[in-house]
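Residue numbers (this note's numbering): 1 to 345. Backbone N, C-alpha and C define an ideal beta-carbon position, used for all residues, glycine too. Notes for the one structure printed next.
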């Protein structure tokens, strides 16, 4: 193949149809173009102005790439979390460092399966999911999950198993692409994936419990909240969180109950939809911790998420120290909370 930045000429080795606006892969080639590109920078500026919830950075090959993208987001005046899309062979060797530098990871299997042999993708997918689970980073599995539904109203059995196994391995999210972008059955594809998720989530077990010694306090509280599910079977874990980090630390351990997050800003609540099992609660924020928890309980009752006879776990900060630090786990009966606060009113 010969060419320059304006185009190239090449020889077709295996013919077929090519539609417009397709990418070009060069497996094994060392590319000098690094993110963020000029196009990326324009997209970042637009996203910040539009107050988007997350950014996804394409073809991340190193932790340094992530740092450069994050710096560009900050230069544009944004603070959005960033997902690194793992779709280049060069990312494989430094995958743990990339995960550590990212706020989330997407296993983008389409380009990845071209950059590396396709038979290497399944084990790499499992490795990335396990590493993200260990570090408490949300992980998305994407591309060709229900590919046959681009043209057919039902998936193959293999595709249904693919989606289910990604969730059983610990993926926080599974994602459709061509099925909804250009497919003939976009709504059916969403329904099928949703149904698979509902069935599979009943079989997902809590994470293996790590030794608590040496863990950060927020991590310890999150893990203990997950443990409380075995002991007292709370109907929900209510998490008071300013940044969303405490909700992530509870989500990390996959408690078999719903996680209801109370946040200071709606945009933080929107971001929390990315985390496994987390549902943001629409409650007006107040720095009065107890009043905020009571409001969250009332809102949960209104939505039918908890009932008066239920037990709940509450993860929050202590009133003895400065706000913003998660240090407290309370196990409470909903009826007791309502009884005391109704008398005060």
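Proximity of the region 168-187 to the region 229-239 falls short of the contact definition, fewer than three beta-carbon pairs being nearer than 8 Å. Under the three-state reduction of DSSP, residue 283 is assigned to coil, being neither helix nor strand. By alpha-carbon distance to residue 247, the top candidate from 274, 55 and 235 is 274. The continuous stretches of beta strand (DSSP E) do not include residue 176, and DSSP gives it neither H nor E. Of the candidates 107, 158, 93 and 90, 107 places its Cα closest to the Cα of residue 84.
Within the region 264-308, the runs of alpha helix (DSSP H) at least 4 residues long that lie entirely inside it are, in chain order, 266-271 and 289-302. Residues 131 of the same chain have their beta carbon placed closer than 7 Å to that of residue 96, with the five preceding and five following residues left out of the count. Classified as buried, residue 254 has 16 or more neighbouring CB atoms from the shown chains inside 10 Å of its CB. With at least 16 other beta carbons inside 10 angstroms of its own, residue 329 counts as buried.
Contact holds between the region 71-86 and the region 37-50, because three or more Cβ pairs, one in each stretch, are under 8 Å apart. C-alpha of residue 62 to C-alpha of residue 297: approximately 44 Å in a straight line.
Under the DSSP assignment, residue 123 falls in the alpha helix (DSSP H) whose first and last residues are 121-135.
Within the same chain, Cβ atoms closer than 7 Å to the Cβ of residue 135 are found at 99 and 100, the five residues on either side in sequence being excluded.
In this structure, DSSP gives residue 104 an extended state, which the three-state scheme calls strand. With contacts defined by Cβ atoms closer than 8 Å, residue 261 and residue 294 do not form a contacting pair. With fewer than 16 other beta carbons inside 10 angstroms of its own, residue 8 counts as exposed.
By the criterion of a C-beta distance shorter than 6 Å, residue 175 is surrounded in its chain by 140 and 142, once the five residues flanking it on both sides are discounted. For the 8 Å CB-CB criterion, residue 87 and residue 67 do not form a contact.
DSSP places residue 158 in no beta strand (DSSP E) but in the uninterrupted alpha helix (DSSP H) bounded by 157-169. Nearest C-alpha to residue 256 among 290, 299 and 204: 204.
For residue 46, the enclosing alpha helix (DSSP H) covers residues 38-49. It is roughly 7 Å from the alpha-carbon of residue 311 to the alpha-carbon of residue 331. Within 10 angstroms of the beta-carbon of residue 39 lie fewer than 16 other beta-carbons, which makes it exposed. The shortest CA-to-CA distance from residue 184 to any of 151, 190 and 191 is the one to 151. The three-state secondary structure of residue 330, taken from DSSP, is strand. Under the DSSP definition of a beta bridge, residue 55 partners with 82.
Assigned with DSSP and collapsed to three states, residue 251 falls in helix. Comparing alpha-carbon positions, the option among 60, 109 and 119 lying closest to residue 93 turns out to be 60. Counting the other Cβ atoms within 10 Å of the Cβ of residue 308 gives fewer than 16, which makes it exposed. Take residue 172, set aside five residues on each side of it, and the residues of its chain with a beta-carbon closer than 6 Å to its own are 138, 139 and 276, in chain order.
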